[in-house]
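In the order they appear, the protein sequences are chains A, B, C and D.
Just so you know, we're using the numbering used here here: the first sequence kicks off at 1 and counts up by one.
Just so you know, we're using the numbering used here here: the second sequence kicks off at 182 and counts up by one.
Just so you know, we're using the numbering used here here: the third sequence kicks off at 551 and counts up by one.
Just so you know, we're using the numbering used here here: the fourth sequence kicks off at 727 and counts up by one.
Notes follow the structure.
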Amino acid sequence: MTEEHSAHSVHTAPKKEPGPSLFPEMERLVAEVLSGIEVTSEQVVDEHAIIIDRKDLLAVCRRLKDNQRLSFDLLRCVSVVDYPNESVFQAVYHLYSIGLKHRMAVKTGIPYDDAIVDSVTSVWAGADWHEREAAELLGVEFRGHPNLRPLLLPDDFEGHPLRKSFKVPELDQARFRRGRE
Amino acid sequence: MAESRLETVDMFINMGPQHPSTHGVFRMVLTIDGEQIVDMKPHIGYLHRGVEKLAEGLRYREVTVLLDRTDYLAALNNELPYVMALEKLLDVKVPERAEYIRVLVCELNRIASHLMFYGAFGADAGATTPFMYAFRDREEIQHFFEAVTGGRLMHNYFRVGGVRYDLPEDWRERLTKLIPHLRKGIVDCERLLSDNEIFLNRTIGVGQISAADAIDYGLTGPNLRACGVRLDLRRDQPYSVYPKLEFDVPTRSRGDCYDRYLLRVEEMRQSLRIVEQCLEQMPDGPSLGEVPRVIRPKEGEVYVGTENPRGEYGIYLVSRGGDYPYRVKVRAPSFCNLMALNEMMRGCYIADCVLILGSIDIVLGEVDR
Amino acid sequence: MEVVWRESPSLALANGHGLYHHLPGVITAKTDYLFAMARKSSLWPLTFGLACCAIEMIGAYMAEHDLDRFGVVTWPSPRQSDVMIIAGTAVKKMAEPIKLLWEQMPLPKWAIAMGACATDGGPFQRSYSTVQGADQIIPIDVYVPGCPPRPQALLYGIIKLQEKIMAEASNRKAAV
Amino acid sequence: MPEWVESIIRVAIAIGFVLTTVLVLIWLERKVIGHIQQRLGPMRTGFHGFLQSPADAVKLLVKEDIIPAAADRWAFQLAPALVFVPIFLTVVSIPFTRTLVVRNLDLGLFYVFAISSISIVGIVMAGWASGNKYALLGSVRAGAQMVSYEIPLVFSILGVAMVAGSLNLETIVDAQRGLWYIVLQPVGMFIFLVASLAELNRTPFDIPVAESEVVGGPYVEYSGIRWGVFFLSEYANTFIISALAAVVFLAGWRGPLLPGWLWFLIKTYAIILIIFWFRATLPRLRIDQLMTFAWKLLLPLAFVNLLITGLYLVYDWPRWILFVASVAVLAVASRLVYVVGRA
């Protein structure tokens, strides 16, 4: 992460007011483990969610996984959401701890003009295909991913279909008219 | 000794996308040395239908149609997390009867899915009859589904706040006939394979994966429980009426093909137990709660994971107001389970690789989505 | 259920070689009839399922519906099959393999489009990655509607295909 | 009638008989397996699907015959014949009854095994010539498997030859007057059946043609009647092996009341049904387990059987001792498999 980026504040999908979490105990624990890292809590219906800067992602994930009291050993899902109005992608990591049976979400913003984020495959091997899929369908690059080849789409496919700007090509209507006659 | 002038090269074998035992359109490129596998490269995407993009263009109620078709062996289990996510966003209460109906059909669906696994696994091992036995019982379940939901395979049955139709009038008779039939069917299935000497030799110790690796790769469901990790979202993150029901979460220790097989057979028994309890405890009342006429959840997001027959089926639903979901991300269990395939296949034989793939029990519809 | 009643191009090709043109019409018509009887009684599909419909297709082979009654048994290699049942969504990435498989099948061959996806794209019609109907890839003889069709519907589709095979033979007879 | 005319007629009848038998067998297999699997099998073509096999055959005859571009043309075309011809040559010396035989040879037993092992060449050739990796893999598997199992197969028969004191099939049948060799040579019978299943590439030893692994193995690129010939030879082989077992272990045409040829057919079909039954029940072994089974179990077992038979002949023991000893050997062996398998 260059100097320029770390100077930016946290990239996030706006409109969501940072507020007190509905899970105060979890919030306190996470804040304790992540001391020294800038963390914003977010209000989500049924789990604790934090927003972090993308430069801290790897450190945060490693701490969340290795800490005995949190031990988030299972990466449930990596979702990337496109927010074109704010020119930002948001990567959401849903974590679960098998032993302690608790869950949380980690979010980080990735700006359009520099769509790169660290890969978490070194923390959870299971992030592999999730990240490949996101790279392919949304065009976000994951730095440090061992193998970021296309996964789902044919080789000659152009564009990133899950971006909001991607328009599905119109159907060949003439064909259906022919069929009806 | 004179140096041999013979050179050997590794042979590549392309398995799929059309191959009898890739369970759909999975493709793997095997590097083999004789009969042994040196390396395996999976290729997916031959059934990538763009469900997540399509869902963004549909109204909230219509999305279940697509989710049905992701994991087409357990369609009802896919609808559940989605409607649960919506209910959380909308803050809708579900009547108890509806919850029981949901659990009832989900568990029957789990049995049907595991039966399909059983048949396909038998076929991978080279036996033809297990498929027939499994489908005999599967058909019976599908007949019941047809009476309840109107569909054999695709149901589109769960609604926000309940289920589409109440149970048919004769559901108790149907179910009391179905349960002993299934119970006997499971015994038949077990007698055909579980103790077969050849089958044991083929599966024990094949495709082993350690618990630590399994968790690292994000395995869930029976594949993880076969390694000895007791993770079952029905119990650990209780939802619906599962806390009121009694069932065991079986685990095995070795984490090989045989354990994965045996675990699923045991799970069928447990599901049957749940079905029986649903039959006893089914309360009266409405099957659909108070739901706003137009579904327009407030801004927000929610992630709901439920226990699908293959593992954790999660829905990450983002709403920014309006009639259409902003983003529907599907966390498909097979997609994650398949990542561990390479780990399991280290140094096995070609014949094993077919079995290992079968034992993970993938559905390409949700791998590719 | 829609059956395309024009002659399969493949059949014309298959009959168009060797002795066929040198024999008197009466004999060729009679042999045509015999061959058609044999062909319709032994339709071997390729073991090949794409998506959801494949499950109902498997269901049709199984004990309850038992396609074997009609002499329909699957073969894993395209070289030994007569019918391709396209059971499920054909996506763009899969189009090329489907075409390859179709070309590997020996003449005469037929194709059944099973389900809405194979007919016109079905619920995934508007997607960026699906082919809107398998007939954009290979010629289809019978379309079986449904999403997914019941095994009985597939059975009916196969009976329709048998009728079509017989009708082709009688048409040829009439032409003589 | 000159002798050569008679011979030709006999050969023609034999071949015609085998061809019809194959059609019946294919139909029978589909019916039997169907009923085991709680379904009906062919029903629509003729009475209970009886015309199913002829329909399949006619269809295959008029199917396009593809020779892939990657194939070795000559070898590809020659391979089916190489599989087909040896199998029909073996029919020559199998006695259906004392008179119903093309030519009874003094070395009949030896002749059958010598000729039938040629068909391996055809299968390997087919796999090699196809220019397909599955076919190559399948044919290499077939080569390994069939060569390995040839040895226990021959040794299992050796015991019978020792007891009967002849390689002439007619003499062997005559020697079974009163007591069938299944009693004296149960170990031999067991090894013979197992090894011949492997020779036939049938379940649980259908590794070379495994549908779920190598998609039909050596035959994957064959279409139309060329493939039909492979299919046909497979079933002809099944019939011949079963007939041989019936002759060698079940006293061929001997039996009370019914005519000899009927007894012969009953015994043969009984064995064929057992083979079908296996197919409907058992999963498939893996190639290394298959090899282990042949070399570490069947071959030593065959040697033990030879030893016991030899002792029986040398010391002129009563017959029941041979029977008891053989059964004991079989029991120990199966226990051994069980223990090792579960370890």
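From the three backbone atoms N, C-alpha and C, an ideal C-beta is built for every residue, glycine too.
Distances from the alpha-carbon of residue 418 of chain B to those of A/101, A/166 and A/26 put A/101 closest.
Residue 641 of chain C sits close to residue 229 of chain B, with the two beta carbons spaced by under 8 Å. For the segment 920-940 of chain D, residues whose beta-carbon sits nearer than 9 Å to a beta-carbon of chain B comprise 929, 930, 932, 933, 936, 937, 938, 939 and 940.
Boundaries of the alpha helix (DSSP H) harbouring residue 522 of chain B: 522-525, taken from the DSSP string.
If the five residues before and after residue 340 of chain B are omitted, its C-beta is found closer than 8 Å to the C-beta atoms of 242, 264, 469 and 472, all from its own chain and listed in chain order.
Three or more beta-carbon pairs separated by less than 8 Å link the segment 846-858 of chain D to the segment 938-957 of chain D, which places the two stretches in contact. Short of 8 Å from the beta carbon of residue 720 of chain C, and not among the five residues preceding or following it, lie these beta carbons of its own chain, in chain order: 583.
Remark: C-beta atoms of residue 464 of chain B and residue 447 of chain B do not approach each other more closely than 8 Å.
Distances from the CA of residue 708 of chain C to each of C/698, C/694, C/718 and C/685 were compared; the closest alpha carbon is that of C/694. Within the segment 763-788 of chain D, the residues whose Cβ lies closer than 8 Å to any Cβ of chain B are, in chain order, 763, 764 and 765. Its Cα nearest to that of residue 24 of chain A, the residue A/41 stands out among A/72, A/108, A/33 and A/41.
Listed in chain order, the alpha helix (DSSP H) runs fully inside the segment 592-649 of chain C are 602-611, counting runs of at least 4 residues. 697, 698 and 700: these are the residues of the segment 690-708 of chain C whose beta carbon lies less than 7 Å from some beta carbon of chain B, given in chain order.
Taking CB atoms only, residue 651 of chain C has no neighbour in chain D less than 8 Å away. Across the structure, residue 586 of chain C and residue 712 of chain C are spaced so that their CA atoms are roughly 9 Å apart. No Cβ of chain D is located within less than 8 Å of the beta carbon of residue 214 of chain B.
For residue 61 of chain A and residue 389 of chain B, the gap between their C-alpha atoms comes out near 28 Å. With respect to the C-alpha of residue 970 of chain D, the residue from D/1038, D/1004, D/819 and D/905 having the closest C-alpha is D/819. Taken through DSSP and simplified to helix, strand or coil, residue 465 of chain B comes out as coil. Within chain C, the C-beta atoms nearer than 7 Å to that of residue 949 of chain D come from 629, 630 and 656, in chain order. If you draw a 10 Å sphere on the C-beta of residue 730 of chain D, you find fewer than 16 other C-beta atoms in it, and that means exposed.
Excluding its 5 nearest sequence neighbours in each direction, residue 548 of chain B has C-beta neighbours in its own chain below 7 Å: 225, 513, 515, 516 and 519, listed in chain order.
Residue 210 of chain B carries a strand assignment under DSSP once its states are collapsed to helix, strand and coil.
At a cut-off of 8 Å, the C-beta of residue 270 of chain B has a neighbouring C-beta in chain A. Among the residues facing chain D, residue 286 of chain B is not included, as its CB has no counterpart in that chain under 8 Å away. Interface criterion met: the Cβ of residue 1064 of chain D is under 8 Å from a Cβ in chain B. According to DSSP, residue 339 of chain B shares a beta bridge with B/344.
Around residue 482 of chain B, the beta-carbon contacts reaching into chain A at under 7 Å are 44. Contact between residue 266 of chain B and residue 499 of chain B is absent: CB atoms are separated by about 10 Å, not below the 8 Å threshold. Our two residues, residue 427 of chain B and residue 1014 of chain D, have alpha carbons roughly 45 Å apart in a direct line.
At least one CB atom of chain B sits nearer than 8 Å to the CB of residue 73 of chain A. For a Cβ distance threshold of 8 Å, nothing in chain B lies close to residue 659 of chain C: the least Cβ distance comes to about 15 Å. Contacts between residue 366 of chain B and chain C, judged by CB atoms closer than 7 Å, are missing: the closest CB pair is about 12 Å apart.
Inter-segment contact for the segment 367-384 of chain B and the segment 500-508 of chain B is absent: fewer than three beta-carbon pairs are separated by less than 8 Å. Within the DSSP secondary-structure output, residue 89 of chain A pairs in a beta bridge with A/82 and A/110. Contact between the segment 185-194 of chain B and the segment 208-221 of chain B is established, with three or more Cβ pairs separated by less than 8 Å.
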